[in-house]
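Residue numbers (our numbering), protein chains in the order written: chain A, 24 to 193; chain B, 217 to 323.
Here the structure comes first, spelled out in C-alpha cells, and everything after it is commentary.
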Amino acid sequence: MTQSEFELIVRNHQSMVYSIAFNFFGNPGLAEEIAQDVFLRLYEDRITPKSEQHVVSWLRRVTAHRCIDVLRHRHLQSEVNIDDLPEIAARSREADPLLEERLRRLVGSLPAKQRMAVILRYGEDMDVEEIGRMLDIPVRTVWTYLQRAIEFMREKASRYLKEEKSGPTR
Amino acid sequence: VDQLDKDLRHALRRSTPSSSLTGQILAKSRLVREQRRSLRWRWAMPAVATLMLGVGLASYRAHLRRIDGERTKEQVMLALRVTGSTLRNIQNRIEESQWQTIEIPGK
C-alpha cells in the first residue's frame, strides 16, 4: 500500500472508525486515540486492500476488537446513573440532543460485546450474521445481545413514562 | 420499539472527528516509515561489518600462508646450497687425492 493509498483510506473511513469508538466510549479523545491505533495498524501490517468492502470490513473488525480490549485493559466502566440522565418521554423526539445523549449513555452502560453489537447493528447498519463473524460469536448470541439491549432500553423508557404520568418523583 | 429503533439509529449515527485527526494519523504513519528505514539500516550495518571482517580475516590467512611458503622455499634453497658446497668440498678432496696418487710413481 502506497502512502497516497493509505491517505485516501484514512480520509474515506476515519468517520466510520471514529464513530464506532465514540459510540462505544462516549469520549472523543479516546475515540480519536483508538482511530489512530487502528489506522496505524493498517499501515504497519501492510494490509493490501483487495476491495473497498475488504477495507471497511477490516477496519470495523479491528476497531470493534480494539475498543473491547481497551475497555477490558483499562477497566473502563460506564457508571451510568439513570436518574442523572434526561428523560426520554418528557421531550420531543425530533432531533433532541438530550434524547440522543441519554440513548448513547444507555448504550454505554451495556457490557462490552453487547454494546458493540448494538453499535454495529444500529450505527453501522450491519446484519446479525456479519456482526457475529466480526465479534467471533454465534448469530444466536448476537440476537440475544440485541434483544436484551432493546428490552433494557425499553424498560428504562417505560419506567420514565410511568413516572411522567404519575408526576415528578423528586 | 420502532420508535426506539429509529431513535437508536439517529443517536448512533456517524459523527465527525476533529479536523486534526487525519494529520495526526498521517504524521504517525510517516514516523513509522522513517523507523522502518532506520531499522533496515540497523540490520545492514552489522551485516556489512561482518562481511568486511570475514574478507579481512581470509586475506590475512592467505598472507600468512604466502609468508610460510616463502620461508619454506628459503629453507629448501639454503639446504640445497649447503648440500652443493658439501659435494663440491668432497669432489675437491677426491681430486686432490687423485693428484697425489699420480705424483708418487713419477718420483
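Virtual Cβ for every residue (Gly too), placed ideally from N, Cα, C.
Asked: Inter-residue Cα distance where the pair is L143 (chain A) and R246 (chain B); Found: 31 Å
Asked: Spatially closest choice to A140 (chain A) from A:A58, A:I32, A:S74, A:V162, by CA coordinates; Found: A:V162
Asked: Classification of V298 (chain B) by the beta-carbon crowding that lies within 10 angstroms, buried from 16 upward; Found: exposed
Asked: A113 (chain A) versus L121 (chain A) - alpha carbon distance; Found: Residue confidence is low: A113 (chain A) scores 46 on pLDDT, short of 50, so the model does not pin down where it sits. Its coordinate-derived value is still stated next. Each residue's Cα considered, the two are about 11 Å apart.
Asked: is_contact[S235 (chain B), chain A] using C-beta, thresh 7 Å; Found: no
Asked: Contact the stretch 76-92 of chain A vs the stretch 39-50 of chain A: 3+ CB pairs below 8 Å; Found: yes
Asked: For H36 (chain A) and V78 (chain A), believed in contact at Cβ under 8 Å, the rounded distance; Found: 7 Å
Asked: Start-to-end residues for the alpha helix (DSSP H) that takes in T86 (chain A); Found: 75-96
Asked: For L220 (chain B) and L129 (chain A), the rounded distance between their alpha carbons; Found: 12 Å
Asked: Simplified DSSP assignment, three categories, for R281 (chain B); Found: helix
Asked: Closer than 7 Å to chain A by CB, A243 (chain B); Found: no
Asked: Start-end ranges of the beta strand (DSSP E) lying completely within the stretch 138-168 of chain A, minimum 3 residues; Found: none
Asked: Counted within 10 angstroms of its Cβ, other Cβ atoms place A260 (chain B) as buried (16 or more) or exposed; Found: exposed
Asked: Contact set between H226 (chain B) and chain C, taken where Cβ atoms lie within less than 7 Å; Found: Structure shown: chain C not included; protein chains present are A and B.
Asked: Check whether L228 (chain B) and G146 (chain A) have beta carbons under 7 Å apart; Found: yes
Asked: Backbone secondary structure at M39 (chain A) - three-state DSSP; Found: helix
Asked: Below-7 Å beta-carbon distance, S231 (chain B) vs any chain A residue; Found: yes
Asked: Residue-chain proximity (V264 (chain B), chain A), Cβ-Cβ < 7 Å; Found: no
Asked: First and last residue of the uninterrupted alpha helix (DSSP H) at R229 (chain B); Found: R229 (chain B) -> no alpha helix (DSSP H), and no H or E assigned at all.
Asked: Element boundaries [alpha helix (DSSP H), containing L129 (chain A)]; Found: 120-131
Asked: Members of the stretch 27-47 of chain A near chain B, C-beta cut-off 8 Å; Found: F29, E30, V33, R34, Q37, S38, M39, Y41, S42, F45, N46
Asked: Distance CB(R256 (chain B))-CB(S38 (chain A)) smaller than 7 Å; Found: no
Asked: CB contact check: D223 (chain B) to chain A, cutoff 7 Å; Found: yes
Asked: Straight-line gap, T288 (chain B) to A278 (chain B) (C-alpha atoms, nearest Å); Found: 15 Å
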